[in-house]
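Following the numbering used here from start to finish, the sequence shown increments by one per residue and tops out at 349.
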Amino acid sequence: MTQRVFSGMQPTSDSLHLGNFLGALTQWVALQDTHHAIYSVVDLHALTVSPDRDVLVRRTRATAAQYLAAGVDPDRSILFVQSHVPQHTELTWILSTFTGMGEASRMTQFKDKSTKVGESGTNVGLFTYPILQAADILLYDTNVVPVGEDQRQHLELSRDLAQRLNSRLGEGTAVVPEVHIVKEVAKIFDLQDPTAKMSKSSSSPNGVIDILDDPKAITKRIKSAVTDTDTVIRFDREHKPGVSNLLTIYSALTGRPVDDIVADYEGKMYGHLKVDLADVVVAALTPVREAALEWIESPERLDSVLAQGAEKASAIAQATLERIYERVGLLPLKHR
Ligand code: TRP
């Protein structure tokens, strides 16, 4: 049987960045060839940071638009918005009764986030966030979950919960998901601080390339990328993180090995590499940006794709939920 993949991103920014694009989206798109893929815009997770109402609506559509523009194909895969499928919150409750206080308290992402906002700013949703994530995954009998390194601990919890369901409720209750960590080669760093991951919470907007940036902004950001006082173009993540990051982006977008690119730039200056890289990035992102903007500008068409996705997702999710409800001993509702 075809293996099932599930992944999701929170709608917490207007534009995904190059790191999301190379680290996650291109991989999601490729996985459609070999797997039954299910991709979600996880808006319920985004509620944990108390977004403004209009901003959340806009970002949920924009995130879905960018999945589609990058090549997520709603005819082959399922693309849906998490809150459109109520089974996610329903299974979260069941799973919360299988999660120990201790194991939930050990989640480092919760500890980091709650320390940042302080106890008074922390909500319980932030604490139960990884349980909702486990529900996302287990509802679809997911075999493989492609995520970044920062999600490893959350995935470990999903696996533990699946195993616990199987041992307490009987084998076959849940599929234990495998973690598929994004390859090192696609790890993109901040252009202004090339030792930090490119991230939407970057301290400088100039360090980040957004999918929806126009060509002028992209070019400007690459030209002002931090390098070093040396002049040789070579790959050395430790001593030359800035140049290495530029080479990684170049390689990831062209599919050419880093060594070939380094050979091409022998005796040339950083400026040459930057000018060419700006062209490479603009060429790669322009069609994605244009397609995303088209989807964003036709919300009815987008919403209808999302409605179809929700329908397909619900059918799978409902079957799983009924199986689990029955096994935990919730009395089945017999319709009159
Ligand atoms: N927590 C994930 C992140 O921040 C997003 C997410 C929610 C997710 N549910 C998921 C990822 C299920 C994979 C599978 O990146």
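Don't be surprised by glycine CBs; every beta carbon is placed ideally from N, CA and C. As the structure is a computational prediction, the values presented were derived from the model and not from experiment.
From residue i to residue j, what distance separates their C-alpha atoms?
| i | j | result |
| --- | --- | --- |
| A276 | S215 | 32 Å |
| D227 | V288 | 16 Å |
| R17 | S90 | 10 Å |
| I274 | Y263 | 8 Å |
| S133 | L174 | 29 Å |
| L108 | A147 | 8 Å |
| P159 | Y278 | 34 Å |
| P87 | L57 | 21 Å |
| K325 | Y80 | 17 Å |
| E162 | T141 | 20 Å |
| L69 | P345 | 36 Å |
| V294 | L92 | 26 Å |
| D316 | D67 | 16 Å |
| A328 | E335 | 11 Å |
| G183 | P300 | 49 Å |
| R177 | I224 | 40 Å |
| I309 | K229 | 21 Å |
| H193 | A50 | 14 Å |
| R340 | T128 | 38 Å |
| P312 | S217 | 31 Å |
| V85 | Q45 | 8 Å |
| Q164 | Q122 | 9 Å |
| L343 | N179 | 17 Å |
| N33 | R302 | 14 Å |
Am I right that residue i and residue j are in contact with their C-beta atoms under 8 Å? What's the rounded C-beta distance?
| i | j | result |
| --- | --- | --- |
| Y153 | A43 | The Cβ separation is near 19 Å, so there is no contact. |
| A83 | L38 | 4 Å |
| L29 | M211 | Not a contact, Cβ separation roughly 11 Å. |
| M114 | Q166 | The pair is not a contact, with the Cβ atoms about 16 Å apart (cut-off 8 Å). |
| V239 | L204 | 7 Å |
| Q95 | V137 | That belief does not hold up - the Cβ atoms of Q95 and V137 are roughly 18 Å apart, past 8 Å. |
| L139 | H101 | No, L139 and H101 are not in contact; Cβ-Cβ is about 17 Å, not under 8 Å. |
| K253 | D272 | Not a contact, Cβ separation roughly 15 Å. |
| G21 | S63 | Contact doesn't hold; Cβ gap of about 19 Å is too wide. |
Does the beta-carbon distance from residue i to residue j come in below 8 Å?
| i | j | result |
| --- | --- | --- |
| L168 | L104 | no |
| K213 | T61 | no |
| Q23 | A75 | no |
| A77 | L319 | yes |
| V195 | Q40 | yes |
| F19 | T186 | no |
| I231 | L298 | yes |
| N258 | R234 | no |
| K236 | A291 | yes |
| T261 | I201 | yes |
| L170 | E251 | no |
| H48 | T15 | yes |
| R172 | P190 | yes |
| K281 | I337 | no |
Under the DSSP definition of a beta bridge, which residues are partnered with residue i?
| i | result |
| --- | --- |
| S53 | G21 and F93 |
| G202 | Reading the sequence as shown, one finds Phe at residue 202 and not Gly. The partner list for F202 (beta bridge, DSSP) reads K210. |
| E116 | For E116, which the question treats as bridged, DSSP gives no partner whatsoever. |
| V160 | I194 |
| H101 | DSSP lists no partner for H101. |
| D223 | H30 |
| D154 | Answer by DSSP bridge pairing: none, since D154 is not bridged. |
| D249 | K253 |
Count the other C-beta atoms from every protein chain shown that fall within 10 angstroms of the C-beta of residue i, then say buried if there are 16 or more, exposed otherwise.
| i | result |
| --- | --- |
| K347 | exposed |
| A332 | exposed |
| T208 | exposed |
| T244 | exposed |
| V98 | buried |
| G255 | buried |
| P409 | Past the boundaries of the shown model lies residue 409; the chain is included only from 14 to 349, so the question cannot be answered. |
| V130 | exposed |
| W106 | exposed |
| D149 | buried |
| A296 | exposed |
| R181 | exposed |
| R349 | exposed |
| R314 | exposed |
Is there a Cβ of chain D sitting closer than 8 Å to that of residue i, yes or no?
| i | result |
| --- | --- |
| I201 | The structure shown has no chain D; it contains just one protein chain. |
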